[in-house]
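Student: Positions 5 to 426 (my numbering) are the ones given, in order, by the sequence shown.
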Amino acid sequence: MNSKSYQEEQRRQLLTWLAASPLLALAGNQNVFAEDAKELVRNFTKRPDPMVWAPNTPLDLISNPKEAINIFDFEAVAFTKVPPAHFGYMTSGIDDEVTLRANRTSFLKYQLRPRRLRDVSRIDTSITLFGTRWKSPIIIAPTGGNKAYDPEGEVAVARAARAGGFLNILSNSGASTIEEVIAARQGEVWFQLYATSSPEVAKQVIRRVEKAGAPVLEITVDRNGGRNQESLARLRRLDPRNCAGCHVNGVGSVQGRPNYNGINMTGVNMQSSNMTWDFIKQVRDTTKMKIILKGIVTEEDAQLCLKYGVDGIHVSNHGGRSEDGGRGSIECLPEVVKVAKGKVPILFDSGVRRGSDVFKALALGATAVCVGRPYLWGLGAFGQPGVERVMEILQTEFTGVMQQMGAPNIAAIEESMIYRGT
Ligand SMILES: Cc1cc2nc3c(=O)[nH]c(=O)nc-3n(C[C@H](O)[C@H](O)[C@H](O)COP(=O)(O)O)c2cc1C
Numbered sequence: 005m006n007s008k009s010y011q012e013e014q015r016r017q018l019l020t021w022l023a024a025s026p027l028l029a030l031a032g033n034q035n036v037f038a039e040d041a042k043e044l045v046r047n048f049t050k051r052p053d054p055m056v057w058a059p060n061t062p063l064d065l066i067s068n069p070k071e072a073i074n075i076f077d078f079e080a081v082a083f084t085k086v087p088p089a090h091f092g093y094m095t096s097g098i099d100d101e102v103t104l105r106a107n108r109t110s111f112l113k114y115q116l117r118p119r120r121l122r123d124v125s126r127i128d129t130s131i132t133l134f135g136t137r138w139k140s141p142i143i144i145a146p147t148g149g150n151k152a153y154d155p156e157g158e159v160a161v162a163r164a165a166r167a168g169g170f171l172n173i174l175s176n177s178g179a180s181t182i183e184e185v186i187a188a189r190q191g192e193v194w195f196q197l198y199a200t201s202s203p204e205v206a207k208q209v210i211r212r213v214e215k216a217g218a219p220v221l222e223i224t225v226d227r228n229g230g231r232n233q234e235s236l237a238r239l240r241r242l243d244p245r246n247c248a249g250c251h252v253n254g255v256g257s258v259q260g261r262p263n264y265n266g267i268n269m270t271g272v273n274m275q276s277s278n279m280t281w282d283f284i285k286q287v288r289d290t291t292k293m294k295i296i297l298k299g300i301v302t303e304e305d306a307q308l309c310l311k312y313g314v315d316g317i318h319v320s321n322h323g324g325r326s327e328d329g330g331r332g333s334i335e336c337l338p339e340v341v342k343v344a345k346g347k348v349p350i351l352f353d354s355g356v357r358r359g360s361d362v363f364k365a366l367a368l369g370a371t372a373v374c375v376g377r378p379y380l381w382g383l384g385a386f387g388q389p390g391v392e393r394v395m396e397i398l399q400t401e402f403t404g405v406m407q408q409m410g411a412p413n414i415a416a417i418e419e420s421m422i423y424r425g426t
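(1) Along the chain, where does the beta strand (DSSP E) that runs through E222 open and close?
(2) In whole angstroms, what is the alpha-carbon distance linking V301 and E39?
(3) Taking a contact to mean a Cβ-Cβ separation below 8 Å, would you say V102 touches D328 in this structure?
(4) What residues in its chain sit with their C-beta under 7 Å from that of R126, if we drop five residues either side in the sequence?
(5) Would you mind listing the beta strand (DSSP E) stretches within the region 258–344 that are 3+ residues and don't spill past its ends, in chain order?
(6) Looking at the strands, I want to know which residues DSSP matches up with I422.
(7) Hey, would you say the C-beta of R261 is under 7 Å away from at least one heavy atom of ligand 1?
(8) Run the Cβ filter for me: residues under 5 Å from any heavy atom of ligand 1, listed in the order they occur in the chain.
(9) Would you identify the three-state DSSP class for I397, choosing helix, strand or coil?
(10) Taking C-alpha atoms, which residue in S110, L104, S140 and H90 lies nearest to T371?
(11) Could you compute how far the alpha carbon of L174 sits from the alpha carbon of A416?
(12) Are the Cβ atoms of S360 and V405 separated by less than 8 Å?
(13) Which residues share a DSSP beta bridge with I131?
(14) State whether the region 138–154 contacts the region 89–100, with contact taken as three or more CB pairs (one from each stretch) at a distance under 8 Å.
(15) Consult DSSP for F195 and reduce its assignment to one of helix, strand or coil.
(16) Just list the beta strand (DSSP E) runs in the region 55–113, keeping only unbroken ones of 3 residues or longer that don't cross its boundaries, in chain order.
(17) What are the start and end residues of each continuous beta strand (DSSP E) run of 3 or more residues lying completely inside the region 153–214, in chain order?
(18) For a test of the three-state rule: what should DSSP assign to L383, helix, strand or coil?
(19) Rounding to the nearest angstrom, what Cα-Cα distance links K215 and G425 in this structure?
(20) Leaving out five residues before and five after A344 in sequence, what residues of the same chain have Cβ atoms less than 8 Å from its Cβ?
(21) So for C250, helix, strand or coil by DSSP?
(22) Does DSSP put V356 in a helix, in a strand, or in coil?
(23) Quick one, which of D123, G390 and S420 has its alpha-carbon nearest A164's?
(24) Do you know how far the Cα of A206 is from the Cα of A199?
(25) In the DSSP assignment, the alpha helix (DSSP H) including A372 goes from what residue to what residue?
(26) What residue from K298, I98, T109 and I131 has the CA that sits closest to L221's CA?
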């Protein structure tokens, strides 16, 4: 199915759903509860207050990155350009996608307390992480298989990171090698690792990555079990292509990922359900790279991170892709901050879509903030220029929020600038 007929199919399905809606059926029935039905329809069609006068439907598509008003403009375009199965993989949460939605709605529980009459004519958004200075606290999160969205994949992302001066973290399940990505970035790149089912394989990859020059290793600790990605499953049904055409070793398998080239991968799978704190100790003894654990959402585990000598903690629920029924990621941040602030850097992600989200996370104690899907929307929509523009929009929004909040630099962002409502 090409993207035009796919869109037409989507529209047809929506109309079918509306036609079958019990609400409309009730409204059309003159004999039963006619007045109730009218009331229901009145409520259903009540105009928004405030009224939305600027139409913004998913079908309003931008034709180049410069037209984008916000990062969501890229999501709609990516939906039309990326094959349904790949878009489904990107967008999907787990089961009912409760955690996925909570990642967004939880930000609304935190409100801004701006300070006035401060000189914010010059804004410095720079931070320092393990001795390297970055112009922005916004980081490109590790995501696997970027060639599913653009033929240049991780290399396009790395070039965009270079253009904007952002830190990017390469996933071990990336479709490009660490060497290729460092060459494209022409600078520091961090590496993210799923330990896989084999600690020995993990150690071989770690040695390769260290040799390539990555200074920081992020070990992801929140993907230990199988998962039911329902949005993926449903969108995959709309994709007429045969997965085996590209996924020669099977969808989701670790075999054939280029960062494992030359390593015996017989019987190895991506999940690390046998991983324990002892593995972290072994990694500590294997490498001089800084170690960050990604996927920590409780103070108990934050405490263990400190006990086992990790160098950084990444608060994340994998963008709602690890388990469903959890809290929004931003709600997990304060308890980790309580334990770890000032001891190790704290990265944060999941659900960040606005400059104000970045600000809230920093005010609550994060050192830096990562984004996942947003840059993939940019990549799928327009390749490297799309990623560049997504990151630029986020950085511009964040800079504006800092001015509004009376915070000329990152150190001036204080916890008192956040109010926890209900
Ligand atoms: C398509 C996709 C692939 C991902 N692949 C990885 C991965 O290989 N390793 C990892 O640690 N996290 C992975 N993540 C999670 C991201 O690193 C990050 O935690 C998450 O996307 C942040 O949430 P957000 O998408 O709401 O910004 C992936 C996320 C997406 C959307």
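Ideal Cβ placement from N, Cα and C applies to all residues, glycine included.
Tutor: Quick look at the numbers:
(1) Position 218 of the sequence shown, counted from the start, is the residue given in the question as residue 222. Residues V220 to T224.
(2) Position 297 of the sequence shown holds residue 301. Position 35 of the sequence shown holds residue 39. Taking the straight line from one Cα to the other gives about 50 Å.
(3) What you label residue 102 is simply residue 98 of the sequence shown in a count that begins at 1. What you label residue 328 is simply residue 324 of the sequence shown in a count that begins at 1. Cβ distance < 8 Å, so V102 and D328 count as in contact.
(4) The residue labelled residue 126 in the question sits at position 122 within the sequence shown. So the qualifying residues of the chain are P412.
(5) Runs of the beta strand (DSSP E) inside the region 258–344: 294–300 and 316–319.
(6) If you number the sequence shown from 1, residue 422 lands on position 418. According to DSSP, which records beta bridges pairwise, I422 is partnered with L116.
(7) In the sequence shown, the residue the question calls residue 261 occupies position 257. For R261, the shortest separation between its Cβ and any heavy atom of ligand 1 does not lie below 7 Å.
(8) That gives M94, A145, P146, T147, G148, S175, S177, Q196, T224, S320, H322, G323, D353, S354, G355, V375, G376 and R377.
(9) As a working note, residue 397 is residue 393 in the sequence shown. In this structure, I397 counts as helix in the three-state DSSP scheme.
(10) By 1-based counting over the sequence shown, the position of residue 371 is 367. The shortest C-alpha separation from T371 is found at S140.
(11) In the sequence shown, residue 174 corresponds to position 170, counting from 1. In the sequence shown, residue 416 corresponds to position 412, counting from 1. Those two C-alpha atoms are separated by around 31 Å.
(12) In the sequence shown, the residue the question calls residue 360 occupies position 356. In the sequence shown, the residue the question calls residue 405 occupies position 401. Contact flag set, yes.
(13) Indexing the sequence shown from 1 puts residue 131 at position 127. Residue pairing from DSSP places I131 in a beta bridge opposite W138.
(14) Yes, the region 138–154 touches the region 89–100.
(15) Position 191 of the sequence shown, counting from 1, holds the residue named residue 195. DSSP places F195 within a strand segment (E or B) once states are collapsed to three.
(16) Whole beta strand (DSSP E) segments, 3+ residues: zero.
(17) Qualifying beta strand (DSSP E) stretches, in chain order: 171–175 and 193–197.
(18) Here the question's residue 383 lines up with position 379 in the sequence shown. L383 carries a helical assignment under DSSP once its states are collapsed to helix, strand and coil.
(19) For this step, residue 215 is matched to residue 211 along the sequence shown. For this step, residue 425 is matched to residue 421 along the sequence shown. The alpha-carbon separation between K215 and G425 amounts to approximately 48 Å.
(20) Within the sequence shown, numbered from 1, the residue matching residue 344 stands at position 340. A306, C309, L310, I317 and I350.
(21) Taking the first residue of the sequence shown as position 1, residue 250 is located at position 246. Here C250 sits in coil by DSSP.
(22) Residue 356 sits at position 352 when you count from the first residue of the sequence shown. In the structure shown, V356 sits in coil (DSSP, three-state: anything other than H, G, I, E or B).
(23) As a working note, residue 164 is residue 160 in the sequence shown. Each of D123, G390 and S420 was checked against the Cα of A164, and the nearest Cα belongs to G390.
(24) Taking the sequence shown and counting its residues from 1, the one referred to as residue 199 is at position 195. Taking the sequence shown and counting its residues from 1, the one referred to as residue 206 is at position 202. When rounded, the distance between both Cα atoms is 5 Å.
(25) Position 368 of the sequence shown, counting from 1, holds the residue named residue 372. No alpha helix (DSSP H) holds A372; the beta strand (DSSP E) holding it covers A372 to V375.
(26) As a first step, residue 221 must be located in the sequence shown, where it is residue number 217. Considering only alpha carbons, the answer is K298.
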